[in-house]
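Asker:
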Amino acid sequence: MKEMLKTTALFIDADHVRLTAIPQILEILSLEWTPIKMRAYGTQIGPRQKILRDHKVLPVEVVSVLPGKNSVDLVLTIDAMEELFCGHADSIAIASGDSDFTPLALKIREHGRPILIFGHSFTPPALRSAATSFHCVGWFQQEPGGKGSQTDSLESSVRREPTLDKRERLRSRMAELIREIIETDGQVTIGKLGAIINVRDPIFSPKRYGSGSLSALLKQLGGFTLAPVKREDGSLQDYQVILNDH
1499 MKEMLKTTAL
1509 FIDADHVRLT
1519 AIPQILEILS
1529 LEWTPIKMRA
1539 YGTQIGPRQK
1549 ILRDHKVLPV
1559 EVVSVLPGKN
1569 SVDLVLTIDA
1579 MEELFCGHAD
1589 SIAIASGDSD
1599 FTPLALKIRE
1609 HGRPILIFGH
1619 SFTPPALRSA
1629 ATSFHCVGWF
1639 QQEPGGKGSQ
1649 TDSLESSVRR
1659 EPTLDKRERL
1669 RSRMAELIRE
1679 IIETDGQVTI
1689 GKLGAIINVR
1699 DPIFSPKRYG
1709 SGSLSALLKQ
1719 LGGFTLAPVK
1729 REDGSLQDYQ
1739 VILNDH
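Following the working numbering, the numbering of the sequence shown begins with 1499 at its first residue and continues without gaps.
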């Protein structure tokens, strides 16, 4: 008779973890846990609902009550606490790299429930330590053939590879991120791309690859077209990034 897997409730902070990481999260969970509740929380989750429907994750659109306040953290925490005290899952899983969830993780452990954290490579040590188990997901994917749940960032993984593979791997990662932004916002500019990279990989720098700027790096890698975006007076405002194979 097949052994029944223990159950878990998965809560995803869609403002800190890419929804395209959901298949990897579910694959890791499936080794030991059966999700009986899956929810994703975000302030602009509407355009990203297809992947949620495909994996039976309930989208929760969060409306910010006050400017500068992270309402996503609050709503997710309330639902996780409700599950802790009133739910039936054997464990609770949170997908986020936000250190604000550290007290929540500690409270869950304090009440004897396993807490699984799915974050990224720069997830703060406090949140990592609070988890029963920690896994890196999303933009910072596990190396092919790698072991364990710890992952390197884009920066370190690319620099470790041979020169010829390094260029193609970096171009592939950039293209992946650009496709995601196109799917969500419809257009990618150098400014927008740079801002997102700074959040997802703070140690990344074009200078490490012999380029003085992100636009110069994309030209060096090849496969991207930079189209000038001008203001009404004709002056240059930014560059739109276009995938040549898109």
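Each residue gets a CB set at the ideal place from its N, CA and C atoms; glycine is no exception. All of these numbers come straight from a predicted model, not from anything done at the bench.
#1: Under the three-state reduction of DSSP, which class applies to Gln-1718: helix, strand or coil?
#2: In the DSSP assignment, what residue or residues form a beta bridge with Lys-1535?
#3: Which whole-angstrom value describes the C-beta separation of Val-1558 and Val-1573, a residue pair presumed to lie in contact below a C-beta threshold of 8 angstroms?
#4: Please state the DSSP three-state secondary structure of Gly-1610.
#5: When burial is assigned at 16 or more other CB atoms within 10 Å of the CB, is Arg-1611 buried or exposed?
#6: With DSSP run on the structure shown, which of helix, strand or coil describes Gln-1522?
#7: Does the Cβ-Cβ distance between Ala-1624 and Ala-1507 come in under 8 angstroms?
#8: Suppose you measure from the CA of Asp-1511 to the CA of Leu-1724; what does that come to, to the nearest Å?
#9: Starting from Pro-1557, trace the beta strand (DSSP E) both ways and give me its first and last residue.
#10: How would you call Ile-1543, buried or exposed, if buried means at least 16 neighbouring beta carbons within 10 angstroms?
#11: Tell me whether Ser-1594 is buried or exposed, calling it buried when 16 or more other Cβ atoms sit within 10 Å of its Cβ.
#12: Which first and last residues belong to the alpha helix (DSSP H) in which Gln-1547 is found?
#13: Just the Cα atoms here: how many angstroms apart are Arg-1667 and Val-1515?
#14: Looking at Gly-1635: is its Cβ nearer than 8 angstroms to the Cβ of Gln-1718?
#15: Spatial neighbours of Ala-1587 within its chain, please: CB distance less than 7 angstroms, with the 5 preceding and 5 following residues excluded, ordered by chain position.
#16: Going by CA-CA distance only, name the one from Leu-1734, Gly-1692, Val-1739 and Ala-1519 that's closest to Gly-1720.
#17: Would you report the Cα separation of Gly-1732 and Ala-1693, rounded to the nearest angstrom?
#18: Taking the alpha helix (DSSP H) that Ser-1733 belongs to, which residues open and close that run?
Answerer: Taking the coordinates as given:
#1: Position 220 of the sequence shown, counted from the first residue, corresponds to residue 1718. Helix, per DSSP.
#2: On the sequence shown, residue 1535 is found 37 positions in, with the first residue counted as 1. Ala-1507.
#3: In the sequence shown, the residue the question calls residue 1558 occupies position 60. In the sequence shown, the residue the question calls residue 1573 occupies position 75. At roughly 7 angstroms, the Cβ-Cβ gap stays under 8 angstroms, so Val-1558 and Val-1573 are in contact.
#4: Walking along the sequence shown from the start, residue 1610 turns up at place 112. Coil at Gly-1610, not helix or strand.
#5: Counting from 1 along the sequence shown, the entry for residue 1611 is found at position 113. With 16 or more other Cβ atoms within 10 Å, it is buried.
#6: Taking the sequence shown and counting its residues from 1, the one referred to as residue 1522 is at position 24. In the structure shown, Gln-1522 sits in a helix (DSSP, three-state: H, G or I).
#7: Stepping through the sequence shown from its first residue, residue 1624 is reached at position 126. Stepping through the sequence shown from its first residue, residue 1507 is reached at position 9. Going by beta carbons, Ala-1624 and Ala-1507 fall outside the 8 angstroms limit.
#8: In the sequence shown, residue 1511 corresponds to position 13, counting from 1. In the sequence shown, residue 1724 corresponds to position 226, counting from 1. Using only the alpha carbons, I get a separation of about 32 angstroms.
#9: On the sequence shown, position 59 is the one that residue 1557 refers to. It spans 1556-1559 - the beta strand (DSSP E) in which Pro-1557 sits, taken as one unbroken run.
#10: For the purposes of this step, residue 1543 is taken as residue 45 along the sequence shown, with counting starting at 1. Taking a 10 Å sphere around the C-beta of Ile-1543, we find 16 or more other C-beta atoms and assign the residue as buried.
#11: Counting from one through the sequence shown, the residue named residue 1594 turns up at place 96. Within a 10 Å sphere around the beta-carbon of Ser-1594 sit 16 or more other beta-carbons, which makes this residue buried.
#12: Taking the first residue of the sequence shown as position 1, residue 1547 is located at position 49. First-last of the alpha helix (DSSP H) with Gln-1547: 1547-1552.
#13: The residue given as residue 1667 occupies position 169 in the sequence shown. The residue given as residue 1515 occupies position 17 in the sequence shown. Roughly 21 angstroms between the two C-alpha positions.
#14: The residue given as residue 1635 occupies position 137 in the sequence shown. The residue given as residue 1718 occupies position 220 in the sequence shown. Reading off the sequence, residue 1635 comes out as Val, not Gly. For Val-1635 and Gln-1718, no; Cβs fall outside 8 angstroms.
#15: Here residue 1587 is taken as the residue at index 89 of the sequence shown, counted from 1. If we look at Ala-1587 and ignore the five residues flanking it on each side, its Cβ neighbours are Thr-1505, Thr-1506, Ala-1507, Ile-1534, Lys-1535 and Glu-1581.
#16: Mapped onto the sequence shown, residue 1720 falls at position 222. Nearest option by C-alpha distance: Val-1739.
#17: In the sequence shown, residue 1732 corresponds to position 234, counting from 1. In the sequence shown, residue 1693 corresponds to position 195, counting from 1. When rounded, the distance between both Cα atoms is 24 angstroms.
#18: Residue mapping note: residue 1733 aligns to position 235 of the sequence shown, counting from 1. Premise fails: Ser-1733 is in no alpha helix (DSSP H) and is neither H nor E.
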